[in-house]
DNA sequence: TAAAAATACTCCATAGGTATTTTAT
DNA sequence: ATAAAATACCTATGGAGTATTTTTA
């Protein structure tokens, strides 16, 4: 659990792997292609393992890269989903309280 | 998938939630208690949701916090496991190649 | 030869440290 | 009264931009 690699790097990796392109990943992440290239190279150095095979006009995943992609894709998807839920629950909870309270009708008071 | 919250924050959160203590989390992460406190407050502001209930000498998770803990704990555990595997595979692979290559014995050449 | 990726800088935002105050029992 | 969390202020590291070079089909 400790000694996790750079989470920023993993995030960039996941996007690059999904697009099979550093350029497209850069577009999605709203950063430059250079930033993506550096993040991934750094990751490869930290792991001491190649994650991509560099080809003409596209990159492809090595076996290690494929493995890491499955893992990071699921992990980040799950975190994104949970984050969404947490954020969207906070408003409904408030509205529930408001809707079920007879006090508000009774007094005519409105919250904000 | 986009609009992920701060991954650094989530990492700090997972450790703090596991220990139910910002101080112990700081120790595990080799940072100060102040750093942990700020990361978590930032997350709570980003989500606009409380994640911890602050008590005397310990903190505890809110329902949203519990939900986020399950998600982040699993996500980071999986990433850590996969990272370990990728790294540990690279050495055996290399040694296999080296060991099974008669060429190396033949010529006496050693890779770096 | 043309596109995508790698590299060499420079800069800045954000993560972290120190010192101190606040909180809760 | 005391231990943990919050806050204020400052520093520094690493992530990002621009410009350029290298790679490969």
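Residue numbers (my numbering), protein chains in the order written: chain A, 1 to 112; chain B, 1001 to 1112. C-beta atoms are modelled at their ideal positions from N, C-alpha and C, and glycine is treated no differently.
Among the CB atoms of chain B, one or more fall inside 9 Å of the CB of residue 48(A). When 40(A), 86(A) and 17(A) are compared, the shortest CA-CA separation from residue 49(A) is found for 40(A).
Between residue 1006(B) and residue 1042(B), the C-beta gap is smaller than 9 Å, which places the two residues in contact. Secondary-structure assignment with DSSP links residue 59(A) through a beta bridge to 54(A).
Rounded to whole angstroms, the separation of the alpha carbons of residue 1025(B) and residue 62(A) is 35 Å.
Shown here, residue 29(A) sits in a helix according to DSSP, grouped into three states.
With a contact defined as Cβ atoms closer than 8 Å, residue 1016(B) and residue 1058(B) miss out at about 11 Å. A Cβ-Cβ distance of about 19 Å is found for the pair residue 1081(B) and residue 82(A), leaving them out of contact under the 8 Å criterion. As the crow flies, the alpha-carbon of residue 12(A) is around 28 Å from that of residue 1027(B).
Of all residues in the segment 31-64 of chain A, only 47, 48, 49 and 64 come within less than 8 Å of chain B when Cβ atoms are compared, listed by chain position. When the five nearest sequence neighbours on each side are left out, the beta carbons in the same chain lying within less than 6 Å of the beta carbon of residue 1072(B) are those of 1010 and 1014, in order along the chain. In the structure shown, residue 1071(B) falls within a helical segment according to DSSP collapsed to helix, strand and coil. Rounded to whole angstroms, the gap between the alpha carbons of residue 1029(B) and residue 22(A) is 31 Å. DSSP, read as helix, strand or coil, puts residue 1077(B) in helix.
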